[in-house]
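Chemist: For reference, the structure I am asking about is given below.
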Amino acid sequence: MSSLQQNTRETGAESVREFDAIVVGAGFAGLYQLLSLRELGLSARVLEAGDGVGGTWYWNRYPGARCDSESYYYSYSFSDELQQEWEWTERYPEQPEIMRYLNYVADKFDLRPDIQLETRVTEARFDEDANRWEIRTEGGERFFTQFLITAVGCLSAANVPDIKGLESFEGDWHHTGGWPHEGVDFTGKRVGVVGTGSTGIQAIPAIAEQAAHLTVFQRTANYSVPARNAPMDPEFQEEVKENYGEIRRKQRESINGHPFDINEQSALEVPEEERQATYEAAWETGGLQFRAAFSDLVVNKEANDTASEFIRDKIRDTVEDPETAEKLTPYDHPFASKRPPIDTGYFETFNRDNVTLVDIKSSPIEEITPKGIRTTDAEYELDSIVFATGFDALTGPLLNLNIRGKGGLSLKEKWSDGPRMYLGLQTAGFPNMFTITGPGSPSVLTNMPTNIEQHVEWISDCIQYMRERGLDHIEATVDAEEAWVEHVNEAADRTLLPLAKSSWYLGANVPGKPRVFMPYAGGLGTYIQKCDHAAAKGYEGFDLTSRAVAAERQG
Ligand code: NAP
Numbered sequence: 001m002s003s004l005q006q007n008t009r010e011t012g013a014e015s016v017r018e019f020d021a022i023v024v025g026a027g028f029a030g031l032y033q034l035l036s037l038r039e040l041g042l043s044a045r046v047l048e049a050g051d052g053v054g055g056t057w058y059w060n061r062y063p064g065a066r067c068d069s070e071s072y073y074y075s076y077s078f079s080d081e082l083q084q085e086w087e088w089t090e091r092y093p094e095q096p097e098i099m100r101y102l103n104y105v106a107d108k109f110d111l112r113p114d115i116q117l118e119t120r121v122t123e124a125r126f127d128e129d130a131n132r133w134e135i136r137t138e139g140g141e142r143f144f145t146q147f148l149i150t151a152v153g154c155l156s157a158a159n160v161p162d163i164k165g166l167e168s169f170e171g172d173w174h175h176t177g178g179w180p181h182e183g184v185d186f187t188g189k190r191v192g193v194v195g196t197g198s199t200g201i202q203a204i205p206a207i208a209e210q211a212a213h214l215t216v217f218q219r220t221a222n223y224s225v226p227a228r229n230a231p232m233d234p235e236f237q238e239e240v241k242e243n244y245g246e247i248r249r250k251q252r253e254s255i256n257g258h259p260f261d262i263n264e265q266s267a268l269e270v271p272e273e274e275r276q277a278t279y280e281a282a283w284e285t286g287g288l289q290f291r292a293a294f295s296d297l298v299v300n301k302e303a304n305d306t307a308s309e310f311i312r313d314k315i316r317d318t319v320e321d322p323e324t325a326e327k328l329t330p331y332d333h334p335f336a337s338k339r340p341p342i343d344t345g346y347f348e349t350f351n352r353d354n355v356t357l358v359d360i361k362s363s364p365i366e367e368i369t370p371k372g373i374r375t376t377d378a379e380y381e382l383d384s385i386v387f388a389t390g391f392d393a394l395t396g397p398l399l400n401l402n403i404r405g406k407g408g409l410s411l412k413e414k415w416s417d418g419p420r421m422y423l424g425l426q427t428a429g430f431p432n433m434f435t436i437t438g439p440g441s442p443s444v445l446t447n448m449p450t451n452i453e454q455h456v457e458w459i460s461d462c463i464q465y466m467r468e469r470g471l472d473h474i475e476a477t478v479d480a481e482e483a484w485v486e487h488v489n490e491a492a493d494r495t496l497l498p499l500a501k502s503s504w505y506l507g508a509n510v511p512g513k514p515r516v517f518m519p520y521a522g523g524l525g526t527y528i529q530k531c532d533h534a535a536a537k538g539y540e541g542f543d544l545t546s547r548a549v550a551a552e553r554q555g
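So in the UniProt record's numbering, spot 470 of the sequence shown is number 470, and the numbers just go up one at a time.
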């Protein structure tokens, strides 16, 4: 019998369900959190808006969708059996392969009975008297739970730009983060793609191959490094499996959760010829490890300039039309100060006869007309528009849950000047609520499954600690939160990341969103040490109590 059946009681027309823990979201984070809570013996339920597991990967199925981290480490490490038996087919897994993997995990660990699909959470409210959360869903269900764990992902609230006239468009339009499951056939169509972040850079070459004509509307030019995707080499896969212990250790001790080595030399300490040869070799290897070509590319502007200029030269060499090449060349931010996209034939796509680049920084979009997109310069007739315009990152998915903590304070009010969390795990005033990869944790600056696993295990250990001591209430203190927010800002300021003024790390892509650097840039290894240190000191920075004992003392 599943815990759903065990914990359901019917009250009139309404069904009310009680659990020890409710987890919101069935992606990488929600699946592992469910398993981990089950192992503690807790009754737990995952509520998921989609009609399948997969989270961000469930929604992002646009053409060309592929992971930018390598398959052998963009995966769970918690089960050696799983990592030994699963066979990846490519260097970077395509979206359908990640979906097969996550579905396999759901089946292997028999997770489905405790996952409730097509259940969108619309409200969560902390009841101080009862010391529990009440959760409501779009379908009118109510749940009560001691622990609320959000596993909603960082990039799951689509940012559809508010452009005048969209509703008048006679063709079809889609945001990449909510792609139709049946796919979209662009054959013979005139397609416009708005946005040239990681998503646009993946989708543009794939759409160009199908469409009659593709017009790319670019606001900010971006750096991109070739992915060099290839079928997985069976010998390499074997080697990885034999060395997983070491690979996973390296990931957890690294800055970004990737197991590759960072060159210890500064880009500025080697002669020009050697520097260029190092970049050439990194370019040939491809992928996110281009950042590891030298030790200081993300912290020293002068060092970074050498990498940025190397990539600019590659763009000029690749794109045949000098005017198009110039438009595609980024000058406004240092390489890797935004999440660096990796691509398969992105710059080459602009050499195709059926592709046009429109610079909407110099000629902004004025409106969408029934026939297409009109900029200050011209009207572009289109049959389909694709918005690769990113996400209301990190905070958007949490705020969409309409969470209210102590005293009825809403998370929206509390975070009106930007997110405030302690360790990215809890926010003061919202007891017994944990967030997996929340603002203030390394999250999007890392290989996500690594940070997710660390968070899940930390949360489960914390709950176990509480249960062993008869504690039922945990809340980050305001002092710990303030100190952590300050530390997050200092860590960002030690890097070049805040220099990218149009970055979603800063919330700059969403009009009206507070400009606050959200992820923790101090490195995953350092971050894990800080979390472990807090736990070892009896969850320093958190108030842990037993409500019954507290009430007795008061009475
Ligand atoms: P993004 O990096 O935020 O890029 C959005 C693009 O849309 C930018 O070029 C932005 O221009 C443009 N844009 C936004 N609003 C606009 C507007 N109103 N008018 C015109 N242009 C507008 O979003 P993303 O490409 O979806 O990527 C987000 C993150 O998702 C990535 O950084 C990465 O972490 C993750 N991701 C991962 C993978 C992977 O693993 N394979 C793939 C895709 C995405 P501005 O730069 O001027 O704001």
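For glycine and all other residues, C-beta sits at the position ideal for the given N, C-alpha and C.
Would you mind working out which of N451, R467, F517 sits nearest C531, comparing C-alpha positions?
Modeler: Closest option to C531, Cα to Cα, is N451.
Chemist: Is there at least one non-hydrogen atom of ligand 1 closer than 7 Å to the beta-carbon of Q289?
Modeler: No, the beta carbon of Q289 sits no closer than 7 Å to any heavy atom of ligand 1.
Chemist: Could you tell me which uninterrupted alpha helix (DSSP H) segments, each at least 4 residues in length, are contained entirely in the region 77-113, listed from first to last along the chain?
Modeler: Here the runs fully enclosed are 80-85, 95-108.
Chemist: Whose C-alpha, out of Q426, P341, A550, F147, is nearest the C-alpha of residue 584?
Modeler: An answer regarding residue 584 cannot be provided, because it is not within the stretch 1 to 555 covered by the chain.
Chemist: Can you tell me whether A206 sits near ligand 1, meaning its C-beta is under 7 Å from at least one heavy atom of the ligand?
Modeler: Not so, every heavy atom of ligand 1 lies at least 7 Å from the Cβ.
Chemist: Return the first residue and the last residue of the beta strand (DSSP E) that R316 is part of.
Modeler: It is not in any beta strand (DSSP E) - R316 instead sits in the alpha helix (DSSP H) that spans 301-318.
Chemist: Considering only heavy atoms of ligand 1, does any lie closer than 7 Å to the CB of W504?
Modeler: Yes.
Chemist: Am I right that M466 and G438 are in contact with their C-beta atoms under 8 Å? What's the rounded C-beta distance?
Modeler: Going by Cβ atoms, the distance from M466 to G438 rounds to 19 Å, so no, they are not a contact pair.
Chemist: Counting along the chain, where does the alpha helix (DSSP H) carrying I528 start and finish?
Modeler: 524-536 is the extent of the alpha helix (DSSP H) around I528.
Chemist: Can you determine whether any heavy atom of ligand 3 sits closer than 7 Å to the C-beta of P161, and answer yes or no?
Modeler: This structure lacks ligand 3; the ligands present are ligand 1.
Chemist: Look at the Cβ atom of V194, then the Cβ atom of T375, and state whether they are nearer than 8 Å.
Modeler: No, they are not a contact pair.
Chemist: Going by C-alpha distance, which of D359, A303, R547, N304 is nearest E323?
Modeler: Checked all of D359, A303, R547, N304; the closest Cα to E323 is D359.
Chemist: Give a yes or no on whether the C-beta atoms belonging to R38 and A44 are separated by under 8 Å.
Modeler: Yes, they are a contact pair.
Chemist: Strictly by DSSP, which residues pair up with L35?
Modeler: The partner list for L35 (beta bridge, DSSP) is empty, contrary to what the question assumes.
Chemist: Report the partner residues of V194 according to the DSSP bridge assignment.
Modeler: DSSP output for V194 lists F217, F387 as bridge partner(s).
Chemist: Looking only at its own chain, which residues have a Cβ that is under 7 Å from the Cβ of T495, when we skip the five neighbours before and after it?
Modeler: Excluding residues within five positions, the ones whose Cβ falls inside 7 Å are V298, V299, A521.
Chemist: Pull up the distance between the alpha-carbon of G52 and that of S75, whole angstroms please.
Modeler: Whole-angstrom Cα-Cα distance: 19 Å.
Chemist: Evaluate T526 with the Cβ neighbour count: other Cβ atoms within 10 Å of its Cβ, from every protein chain shown; 16 or more gives buried, anything less gives exposed.
Modeler: Exposed.
Chemist: Just how far apart, CA to CA, sit K301 and V152?
Modeler: Cα to Cα, the separation comes out at about 34 Å.
Chemist: Return the CA-CA distance between I204 and Y62, expressed in angstroms with no decimal places.
Modeler: I204 and Y62: Cα-Cα distance of roughly 10 Å.
Chemist: Pop quiz: E453 and S77 are said to be a contact at Cβ under 8 Å. What is the actual Cβ separation, rounded to whole angstroms?
Modeler: Between S77 and E453 the Cβ distance is about 6 Å, and since that is below 8 Å, they are a contact.
Chemist: Would you identify the three-state DSSP class for residue 569, choosing helix, strand or coil?
Modeler: Since the first residue shown for the chain is 1 and the last is 555, residue 569 is missing from the structure and cannot be characterised.
Chemist: Suppose the cutoff is 6 Å on Cβ atoms and the five residues either side in sequence are ignored; what does the same chain contact list for F147 look like?
Modeler: The answer, listed in chain order, is A21, N432.
Chemist: Residues in its own chain within less than 6 Å of K338 by CB, not counting five upstream and five downstream?
Modeler: If we look at K338 and ignore the five residues flanking it on each side, its Cβ neighbours are A500, S503.
Chemist: Based on the DSSP output, what are the partners of Q554 in its beta bridges?
Modeler: According to DSSP, which records beta bridges pairwise, Q554 is partnered with nothing at all.
Chemist: Out of E367, L47, A212, which one is the CA nearest neighbour of R142?
Modeler: When each option's Cα is compared against that of R142, the closest is L47.
Chemist: Across the region 210-222 and the region 350-359, are there enough close Cβ pairs to call them in contact, namely three or more that are closer than 8 Å?
Modeler: Result yes; three or more Cβ-Cβ pairs closer than 8 Å.
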